[in-house]
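Residue numbers (the numbering used here): 1191 to 1297.
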């Protein structure tokens, strides 16, 4: 399936699929915006979208992910591009910008 036809459930990914396996609960890891590699992906904001547009799109996708119980999910900030493995931090302030953290899938 071409990347532009895939529907996404979050705006960022990590460099490798197993990046979260070595993280401690207090560790944060950098994420990469999907729209940089898939500029016309379904549900992804334009590459030149401002922080508020990015966060609004990510919040909608997070609500979708939150409706599904995935034990390995964590949290992330789609504006600061950081993630953490602790789902208990969902909706708490991002340590960088203060926006509410959203649900993030590692797999």
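Glycine included, each C-beta is placed from N, C-alpha and C at the ideal position. Since we're looking at a predicted model, the values are computed, not measured.
Under the three-state DSSP convention, the category residue 1244 falls into:
Taking the first residue of the chain shown as position 1, residue 1244 is located at position 54. Helix, per DSSP.
Measure from the alpha carbon of residue 1248 to the alpha carbon of each residue in 1232, 1262, 1218, 1278, then state which is nearest.
For the purposes of this step, residue 1248 is identified with residue 58 of the chain shown, where counting begins at 1. Cα-wise, what sits closest to residue 1248 is 1232.
Provide the residue span of the beta strand (DSSP E) that contains residue 1265, from first to last.
Stepping through the chain shown from its first residue, residue 1265 is reached at position 75. 1264 to 1267 is the extent of the beta strand (DSSP E) around residue 1265.
Residue 1293 - containing beta strand (DSSP E), residue span:
The sequence position of residue 1293 within the chain shown is 103, counting from 1. Per DSSP, residue 1293 belongs to the beta strand (DSSP E) from 1292 to 1294.
Secondary structure at residue 1286, three-state DSSP: helix, strand or coil?
As a position in the chain shown, residue 1286 is number 96, starting the count at 1. Coil, per DSSP.
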